[in-house]
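J.:
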Amino acid sequence: YILENGSAIIVPAGAQHNIINTSGAEDLKLYTIYSPVHHKDGIVRTTKEEAEANGPEFDGITTE
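Going by our numbering, the residue at position 38 of the sequence shown is 92; the numbering climbs one at a time, nothing skipped.
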């Protein structure tokens, strides 16, 4: 699928998926929304490798 600015993708829980940025000039920004919480608040991963490293777990503290 070709996505445009403002597109949304819904991936059901447990579904295998692989989202690839095919642009050589623009960054792809993803916002993940899921429950229950898993990742520590405020974590930003800029590469697939960082995301796969699966950094700090949620510590119960939010910024809101």
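Positions of the beta carbon are idealized from the N, C-alpha and C atoms, including for glycine.
As the structure is a prediction and not an experimental result, all values here were calculated from the model.
Verify whether the separation of the beta carbon atoms of K16 and E111 is less than 9 angstroms.
T.: There is no way to answer for residue 16, as the model of the chain reaches only from 55 to 118.
J.: DSSP has E111 in a bridge; who is on the other side?
T.: H93.
J.: DSSP on A69, reduced to helix/strand/coil?
T.: Reduced to three states, the DSSP call for A69 is coil.
J.: Measuring straight from C-alpha to C-alpha, what distance separates I73 and D81?
T.: Cα to Cα, the separation comes out at about 13 angstroms.
J.: Could you have a look at K102 and say whether DSSP puts it in helix, strand or coil?
T.: The answer is helix: DSSP assigns K102 an H, G or I state.
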